[in-house]
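Just so we're on the same page, the working numbering is the position in the sequence shown counted from 1, plus 22. Glycine is no exception: its CB is placed at the ideal position from the N, C-alpha and C atoms. Following: one structure in C-alpha cells, then a few remarks.
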Amino acid sequence: MRSAPELLPLWDVLDDGVVVTTRGQLLRLFRLTGLDSEHLAGSVLEAAATQLYAGTQEDFPDGLFAQFTGEGHDRYDDVFAAFEEVPPPLDPVLRLQRERRLAFLKTIGLRRFEVILAVGASRGWSKADFERKRSECFDPRRRAGQGHEP
C-alpha cells in the first residue's frame, strides 16, 4: 500500500497540515479518526462511507478537490505508554497478568488504520499566478508604505 505523500504529489509543506502540490494546489490535510475498519461489520462500514459521501456532496462546493487516502501501520507506542502510566495493581497476580497482557499485545503486530483527507481548490496556481503574487509581495512601493493595501 502506498503512503499519503506518494499519492499526493507534494512539492512543499507550508505549515502543519498545509501542503503545496506539484500542480500548484494548496491543500489542507485532515486526519480522520473514529471507525475501526478492522473489527466492524462490512454493513457498518458501508453505511459510514455512504454518510461521508452524502455529506461531502452537500457540504463541499463544486470544483473542490478532495482525496481520501488510507494508511495502515503498527505504531501503538502511544497506547502502550498510556497503559504503562496507569499504576500497577497491588495484587501480585493481577500485576503479573497485566505485565503479560502488555507483553503479548506488543508481540502480535496490532494494526492501526488512519484516513487522511486532503481538501483544496481543484485548480492549482499557474506560473503567472505565482509571478503576480511575487511581484505584489516584493513591490518596492509597498515596502516603503506607498503601495496599495493587500
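{"Check": "Every unbroken alpha helix (DSSP H) inside the segment 74 to 116 [4 residues or more]", "Outcome": "99 to 107"}
{"Check": "Candidates Thr78, Gly94, Glu106 and Asp151, of which the one nearest Val141 by Cα", "Outcome": "Thr78"}
{"Check": "Alpha carbon of Tyr98 to alpha carbon of Phe126, nearest angstrom", "Outcome": "13 Å"}
{"Check": "Rounded separation between Phe87 and Phe135 - CA only", "Outcome": "23 Å"}
{"Check": "Under the three-state DSSP convention, the category Gly199 falls into", "Outcome": "Outside the shown range of the chain, which is 23 to 172, sits residue 199, and nothing can be said about it."}
{"Check": "Neighbourhood of Pro172 by C-beta distance below 8 Å, restricted to the same chain and skipping five residues each side", "Outcome": "Reliability of the predicted coordinates at Pro172 is poor, the pLDDT of 46 falling under 50, and the value obtained from them is presented with this limitation in mind. Counting only Cβ-Cβ distances below 8 Å, and skipping sequence neighbours, we find Glu158."}
{"Check": "Local conformation of Pro172 per DSSP, three classes", "Outcome": "Only weak support exists for where Pro172 lies, its pLDDT of 46 falling under 50; the value from the coordinates is given anyway. Reduced to three states, the DSSP call for Pro172 is coil."}
{"Check": "Alpha carbon of Ala173 to alpha carbon of Leu54, nearest angstrom", "Outcome": "Not covered by the structure: residue 173. The range shown for the chain is 23 to 172."}
{"Check": "Thr43: first and last residue of the uninterrupted beta strand (DSSP E) it sits in", "Outcome": "Val40 to Thr43"}
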